[in-house]
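Protein chains in written order, with our numbering: chain X, 1 to 186; chain Y, 187 to 372.
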DNA sequence: GATTTTTTTTGATCCATGTCAAAAAAAGAT
DNA sequence: ATCTTTTTTTGACATGGATCAAAAAAAATC
């Protein structure tokens, strides 16, 4: 739990009370490799934080798995569309390694919104993520495969080091054969 | 101003007081075709609503204009990264047609956060936009040029009808020659 | 540590999209 | 209405990345 507190402390100063509320309302989980944290068709009422390990978000398209992102230590993740639209998820979230997560449910997040520092943090986080996705989309669309790879190396080095070739290729929207060739003559 | 109120009313019920606050704090502007609403290097402390007309967001990359999105009537726009990071904008926002906008400055948005319905609306809007971008990114990355075009026709028909070929091609990350050919044999 | 399964690499070929150049069409200016 | 500028279309050719198949390497299992 300390790890989440440290992370939030980078953005806002949490006092005793805020920390105790957080400890009361955040839930820790332990997952094996390849376990499903969220399956398609489920509702998604949680936002998770990766304490250790790595998780992959993907969906099925014409029977094939399309990986959209991989989250490593100290990142938050959820099915953005299912969480915010309160709809059934078409995204699947699965661990890639043995993983420890900390999660806040929607209910608890409402309770936490009585703690001003948490609200501030949530707003900052939201803005960051929003701006981040906006940025990535823009950049990505204009890049060829090699440029995309270099960009990912810069913004997500852990993912590039640890994730399977096929997953990374899927995120980039190219085949794994092409990614293999790019890596060879980089 | 009524148009903005109507729009917000689709999501939350605004009472007399909320409406009067909004009218006091929202600013209307009129722009000619091709005017710059936001230039590169400026700070961006506003969120705009398109009352009529059309605006284009783009940035420069190797001296070339890369269009990232075009907003039509009843859409909100801002430089997401500059607004949320409070940084200098690398995005440029320009009108494509004579355009009427309504904007809320950051200061006024803080004042408006005393009106609970507005806060609710802001949160909903934020979630929508976030989920929307997330969705688009995912979809787009896996599509070929023709599929992207069909997708845009579905989610942004006005833009496809009214915007210049070159702008749309840029959003799609393809050349305008290719888009011209796609349109021909669609 | 040998065997099976999964993942990555390599090769050959094909196709979608890019590039460059020029013509045609449309929009804007006088 | 005519002329000029901008935008869109068309053609010829080049190329990045896809596809299919198979080999090599790495990881998991017994």
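Ideal Cβ positions, reconstructed from N, Cα and C, are used throughout, including at glycine.
- Here residue 242 of chain Y is buried: its Cβ has 16 or more other Cβ atoms, across all protein chains shown, within 10 Å.
- From the beta-carbon of residue 266 of chain Y, the residues of chain X found nearer than 7 Å are 130, 131 and 134.
- Here the segment 229-243 of chain Y makes contact with the segment 287-295 of chain Y; the two share three or more CB pairs at distances below 8 Å.
- No Cβ of chain X is located within less than 8 Å of the beta carbon of residue 227 of chain Y.
- For residue 252 of chain Y, the CB contacts under 8 Å within the same chain, skipping 5 residues up- and downstream, are 244, 245, 246 and 356 in chain order.
- At a cut-off of 8 Å, the C-beta of residue 159 of chain X has no neighbouring C-beta in chain Y.
- Setting aside the 5 residues that flank it on each side, residue 301 of chain Y is surrounded in the same chain by 204 and 207, each with a C-beta closer than 6 Å to its C-beta; the list follows chain order.
- Residue 238 of chain Y and residue 257 of chain Y have their C-alpha atoms some 10 Å from each other.
- In the three-state scheme derived from DSSP, where H, G and I count as helix and E and B as strand, residue 242 of chain Y is classed as strand.
- In terms of beta-carbon proximity, residue 137 of chain X lines the interface with chain Y, with at least one pair separated by less than 8 Å.
- The C-beta of residue 71 of chain X comes no closer than 8 Å to any C-beta of chain Y.
- Within its own chain, no residue has a Cβ closer than 7 Å to the Cβ of residue 341 of chain Y once the five positions on either side in sequence are excluded.
- Straight-line spacing of the CA atoms in residue 240 of chain Y and residue 199 of chain Y works out to 27 Å.
- Within the same chain, 275 come within 6 Å of residue 228 of chain Y by CB-CB distance, once the 5 residues on both sides are set aside.
- Chain-order list of chain X residues neighbouring residue 270 of chain Y: 127, 128, 130 and 131, by C-beta distance under 8 Å.
- Measuring C-alpha to C-alpha distances from residue 348 of chain Y to each of Y:294, Y:306 and Y:281 identifies Y:281 as the nearest.
- Looking at the backbone, the Cα of residue 354 of chain Y and that of residue 364 of chain Y are separated by about 11 Å.
- Its chain contains 25 as the residues whose beta carbon lies nearer than 7 Å to that of residue 111 of chain X, once the 5 sequence neighbours on both sides are disregarded; these appear in chain order.
- Taking the C-beta atoms as reference points, residue 359 of chain Y is found nearer than 8 Å to residue 141 of chain X.
- Linking residue 27 of chain X to residue 62 of chain X through their CA atoms gives a straight-line distance of about 35 Å.
- Here residue 121 of chain X is near residue 8 of chain X, since their CB atoms are less than 8 Å apart.
- Beta bridge pairing from DSSP links residue 121 of chain X with no other residue.
- Every beta strand (DSSP E) of 3 residues or more that sits fully in the segment 198-256 of chain Y is shown, in chain order, as 213-217, 222-224, 232-238 and 241-247.
- For residue 130 of chain X, the closest alpha carbon among the candidates Y:284, Y:266, Y:279 and Y:304 is that of Y:266.
- Pairing residue 139 of chain X with residue 145 of chain X, the inter-Cα distance amounts to about 12 Å.
- In this chain, residue 196 of chain Y is not harboured by any beta strand (DSSP E), its DSSP state being neither H nor E.
- Residue pairing by DSSP places residue 289 of chain Y opposite Y:213 and Y:234 in a beta bridge.
- By the 16-neighbour rule on beta-carbons within 10 angstroms, residue 36 of chain X is exposed.
- Contact with chain X is absent for residue 308 of chain Y, since none of that chain's Cβ atoms lies less than 8 Å from the residue's Cβ.
- By the Cβ neighbour-count rule, residue 108 of chain X is buried, with 16 or more other Cβ atoms within 10 Å of its own.
- Following the DSSP letters along the chain, one finds residue 346 of chain Y in no beta strand (DSSP E) but inside the alpha helix (DSSP H) bounded by residues 343-348.
- Taking a Cβ-Cβ cut-off of 8 Å, residue 63 of chain X has no neighbours in chain Y, whose nearest Cβ is about 13 Å from it.
- Annotation: residue 68 of chain X to residue 126 of chain X spans about 19 Å, alpha carbon to alpha carbon.
- For the set X:157, X:158, X:159 and X:149, the Cα lying nearest the Cα of residue 184 of chain X is the one of X:149.
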